[in-house]
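Visitor: Here it is, the structure, as structure tokens.
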């Protein structure tokens, strides 16, 4: 299709097929030929470069090979996990070759932690992933436009909204379970809330002591969230079991 538009814009050549010629003329305004390069205008108005076969193959190799190299995985573990959060006791990884190789084994032996390979199929984990994907889709349905072309741009905002939202099963926000404190919303900067006013009135030493106390209470907060989640599951189980009718099946001998 891009080659046909290139011939039309450069040399005015159209295909002999009438239906094909009509389709090319209809799409021609979306293409632009500038400095020996063909561009296509996207629905968002952005000019996208049309690639040849060799260029497209090169871009695909760059896009899909950068994140799966064992060197990149080892560098990510060292810089973003060990140097940032410390040496873990163990790391659970996939069974792919970038995670299970000699270079990774050297890192495990050097820093003294273990590697655990995840199972090929985990019912509980898959169920949690499906439940979260359903929640994320519900968030996106509320914010995306009718054309649904801006869904990729709004994923980060939807994830941020999920982390800041009070969850019914745990009675807390996911953000507070990670950092031990609730984050400040952008609206609280525009319209100062009570906690923001209190936070600005304390000194750096008092803020450090309060933060240390919040981190010490984080484990207890997570245990309370776990208890709330178990109670929530028990309530759902009781509500579901009320609608279940027991039926006794008698064994009948045939023959």
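Residue numbers (this note's numbering): 61 to 315.
Even glycine gets a Cβ: it sits at the ideal position worked out from N, Cα and C.
Closest to residue 201 by C-alpha separation, out of 82, 190, 218, would be which residue?
Guide: The candidate whose alpha carbon is nearest that of residue 201 is 218.
Visitor: What is the DSSP secondary structure of residue 97, reduced to helix, strand or coil?
Guide: Correct three-state label for residue 97: strand.
Visitor: Where DSSP assigns a beta bridge to residue 303, which residues make up the other side?
Guide: In DSSP, residue 303 forms no bridge with anything.
Visitor: Counting only runs that start and end within the stretch 203–247, where is the alpha helix (DSSP H) found for 4 or more residues in a row?
Guide: The stretch 203–247 contains these whole alpha helix (DSSP H) runs: 215–224, 234–239.
Visitor: Under three-state DSSP, which class holds residue 310?
Guide: Residue state, collapsed to three classes: coil.
Visitor: Ends of the alpha helix (DSSP H) at residue 78?
Guide: Looking at the DSSP string, the run of the alpha helix (DSSP H) that includes residue 78 is 78–87.
Visitor: Can you tell me whether residue 102 is buried or exposed? The criterion is at least 16 other CB atoms within 10 Å of its CB, across all chains shown.
Guide: Exposed, because fewer than 16 other Cβ atoms sit within 10 Å of the Cβ of residue 102.
Visitor: Taking 8 Å as the cut-off, does the stretch 144–153 touch the stretch 163–174 (at least 3 CB pairs, one atom from each stretch)?
Guide: Segments in contact, yes.
Visitor: DSSP on residue 291, reduced to helix/strand/coil?
Guide: Looking at residue 291 - three-state DSSP - the assignment turns out to be helix.
Visitor: Compute the Euclidean distance between the alpha carbons of residue 177 and residue 80, then round it to the nearest angstrom.
Guide: Cα to Cα, the separation comes out at about 53 Å.
Visitor: DSSP three-state call for residue 173: helix, strand or coil?
Guide: Looking at residue 173 - three-state DSSP - the assignment turns out to be coil, as it is neither helix nor strand.
Visitor: Tell me which residues share the same chain as residue 210 and place their Cβ nearer than 7 Å to its Cβ, disregarding the 5 neighbours each side in the sequence.
Guide: For residue 210, where only same-chain residues beyond five positions count, the Cβ hits under 7 Å are 204.
Visitor: Suppose you measure from the CA of residue 239 to the CA of residue 131; what does that come to, to the nearest Å?
Guide: Answer to the nearest angstrom: the Cα atoms are 30 Å apart.
Visitor: Count the other CB atoms, across all protein chains shown, that sit within 10 Å of the CB of residue 133; report buried if there are 16 or more and exposed otherwise.
Guide: That one is buried.
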